[in-house]
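A short write-up of the structure that comes next.
Numbering (my numbering), first residue to last: 326 to 790.
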């Protein structure tokens, strides 16, 4: 049940539906969202009414207003049950964002059920995010090994060459990380990673890929209920034993999707900023401060550019408008970071950059996997710059192809020229085994098994270039 809303009429104020709305998803937005944000800011102030693929929504552009909405989960809750137009059946049946928002996982949920789920997520992620825990140490070793294998794969043609770091490194690496987290038994479910890729690309085959992915994750969830292991699904079930197979599959999809796309974009964006002359970012990297480098990057190019919607429980004044109860409110991280009232106070030359960015959210709904995602991206970035030297773009930076969705903004491709540093890297030893648990594959069962479909795809990129 949703929380009872006030009348939602915003009496005496123009309703969102009656306003003249500028479309958000335009060619300008695809090329450079900052242009659109600034135009909206000039016309409306820190909050603007926009058309989001045929649906009227409020877009929060100001930093202070964004922080206000994010930190107050009571006044501005999530939960699609709070969306007045949706309750009244006024959303278009073919609205492109409906399928992704209707997968009701921890990122979308509101209401009382969310609190128990959030606690379970925090508990289930703790072994992976505590650097002292054996599970976290093993995962770090696995990520390092995967990163080195990917680099070795695309550099096998010689000491110098060309690669698409997006397709051949920054996108597949997080999917491989997610595979470790999910604890797929054997290699029979590796095709799920490719289906997640198709869903994230939102192409014509995204619908069938989503159906296959949820079916595969349901099978995985049912398996973990019978045979738990040292993995996220098992830990989540132990923390929240009341989850059904269907509910568990939705949570696993959230972890797989957010971890893979967010981490991959963060790796690519960091590489671009460093090799195109962002001096503070380069200086941080040279000093060995990988996390500091990425912290600077998310200020300028956050991977998650707009958060999922929130819905005020009563008419609320925000910016220059009154937002009616049940109106959808989308916080734009990209616009908030570019707000002159915030950006003007940030000193780009300081040794340590501000931690006031909103890239992982703020308040009680901050991303529960932020340490895990940041750590995985840091390993990927550090291995790239340790293994490769002379990295440079093979396209002018203003010609790099971006893909923008209502949620994420990342590169479609990242073509670079590279030179392999020093002597060839030695093979990374396998991670140390964890104590045996039910459902864990014996060591000799995984050794020498056939490469996954994802790996075969990547090898095909190398052969076909």
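Where is the CB? At the ideal position from N, CA and C, for every residue including glycine.
Where residue 622 falls: helix, strand or coil (DSSP): Residue 622 sits at position 297 when you count from the first residue of the chain shown. In this structure, residue 622 counts as helix in the three-state DSSP scheme.
Let me know the secondary structure DSSP gives residue 408 once reduced to three states. As a first step, residue 408 must be located in the chain shown, where it is residue number 83. The three-state secondary structure of residue 408, taken from DSSP, is coil.
Are the CB atoms of residue 619 and residue 703 within a distance shorter than 8 Å? Within the chain shown, the letter at position 378 stands for residue 703. Within the chain shown, the letter at position 294 stands for residue 619. Their beta carbons are under 8 Å apart, which means residue 703 touches residue 619 by this criterion.
Integer Cβ distance of residue 395 from residue 350, believed to fall under 8 Å: Working through the chain shown from its first residue, we reach residue 395 at position 70. Working through the chain shown from its first residue, we reach residue 350 at position 25. Contact doesn't hold; Cβ gap of about 23 Å is too wide.
Three-state class that DSSP yields for residue 541 in the structure shown: Residue numbering aside, residue 541 sits at position 216 when the chain shown is read from its first letter. The answer is helix: DSSP assigns residue 541 an H, G or I state.
Alpha carbon of residue 642 to alpha carbon of residue 412, nearest angstrom: Here residue 642 refers to the residue found at position 317 when the chain shown is read from its first residue. Here residue 412 refers to the residue found at position 87 when the chain shown is read from its first residue. Roughly 23 Å between the two C-alpha positions.
How would you write the range of the beta strand (DSSP E) that residue 376 sits in, first residue to last? Locating residue 376 in the chain shown gives position 51, where the first residue counts as 1. That run of the beta strand (DSSP E) goes 372 to 377.
Rounded to a whole number of angstroms, what is the C-alpha to C-alpha distance between residue 633 and residue 423? The residue labelled residue 633 in the question sits at position 308 within the chain shown. The residue labelled residue 423 in the question sits at position 98 within the chain shown. If you draw a straight line from the Cα of residue 633 to the Cα of residue 423, it is about 12 Å long.
Taking residue 711 as part of the alpha helix (DSSP H), name the residues at either end of that continuous run. As a first step, residue 711 is located in the chain shown; it is residue number 386 there, counting from the start. Boundaries of the alpha helix (DSSP H) harbouring residue 711: 695 to 712, taken from the DSSP string.
For residue 565, I'd like the list of residues in its chain whose CB is within less than 6 Å of its CB, leaving aside the five on either flank, ordered along the chain. Within the chain shown, the letter at position 240 stands for residue 565. Same-chain partners within the cutoff: 445.
Whole-angstrom Cβ separation of residue 740 and residue 397, contact assumed at under 8 Å? Here residue 740 refers to the residue found at position 415 of the chain shown. Here residue 397 refers to the residue found at position 72 of the chain shown. Taking a contact as a CB-CB distance under 8 Å, the pair residue 740 and residue 397 does not count as one, their CB atoms being some 43 Å apart.
Quick check on the DSSP output: the beta strand (DSSP E) that includes residue 488 runs from which residue to which? For the purposes of this step, residue 488 is identified with residue 163 of the chain shown, where counting begins at 1. Looking at the DSSP string, the run of the beta strand (DSSP E) that includes residue 488 is 485 to 489.
Contact check, residue 407 vs residue 651 under 8 Å by CB: the rounded distance? Your numbering for residue 407 matches position 82 in the chain shown. Your numbering for residue 651 matches position 326 in the chain shown. In this structure residue 407 is in contact with residue 651, their Cβ atoms being roughly 6 Å apart against a cut-off of 8 Å.
Would residue 592 and residue 486 be called neighbours here (beta carbons separated by less than 8 Å)? For the purposes of this step, residue 592 is taken as the residue at position 267 of the chain shown. For the purposes of this step, residue 486 is taken as the residue at position 161 of the chain shown. The answer is no: Cβ separation not under 8 Å.
Identify, in the order they occur along the chain, each residue of the same chain with its Cβ nearer than 6 Å to the Cβ of residue 468, setting aside the five sequence neighbours on each side. Reading the chain shown from its first residue, position 143 is the one you call residue 468. 502, 701, 704, listed in sequence order.
Is it buried or exposed, residue 724, if we count other Cβ atoms within 10 angstroms and call 16 or more buried? Translated into the one-based positions of the chain shown, residue 724 becomes position 399. Exposed is the call here.
Could you check the C-alpha separation between residue 383 and residue 473 for me, to the nearest Å? In the chain shown, residue 383 corresponds to position 58, counting from 1. In the chain shown, residue 473 corresponds to position 148, counting from 1. Here the C-alpha atom of residue 383 lies approximately 44 Å from the C-alpha atom of residue 473.
Compare the beta carbon distance of residue 366 and residue 386 with 8 Å and say whether it is the shorter of the two. By one-based count along the chain shown, residue 366 stands at place 41. By one-based count along the chain shown, residue 386 stands at place 61. In contact: residue 366 and residue 386 (Cβ atoms closer than 8 Å).
Own chain, CB closer than 8 Å to residue 584, minus 5 neighbours either side, in chain order: Within the chain shown, residue 584 is the residue found at index 259, counting from 1. The answer, listed in chain order, is 499, 502, 503, 506, 694, 697, 698, 701.
At which residues does the alpha helix (DSSP H) containing residue 440 begin and terminate? Locating residue 440 in the chain shown gives position 115, where the first residue counts as 1. Looking at the DSSP string, the run of the alpha helix (DSSP H) that includes residue 440 is 437 to 454.
Grab me the residues of residue 589's own chain with a C-beta within less than 6 Å of its C-beta, minus the 5 sequence neighbours each way, in chain order. Taking the chain shown and counting its residues from 1, one reaches residue 589 at position 264. 495, 496, 499, listed in sequence order.
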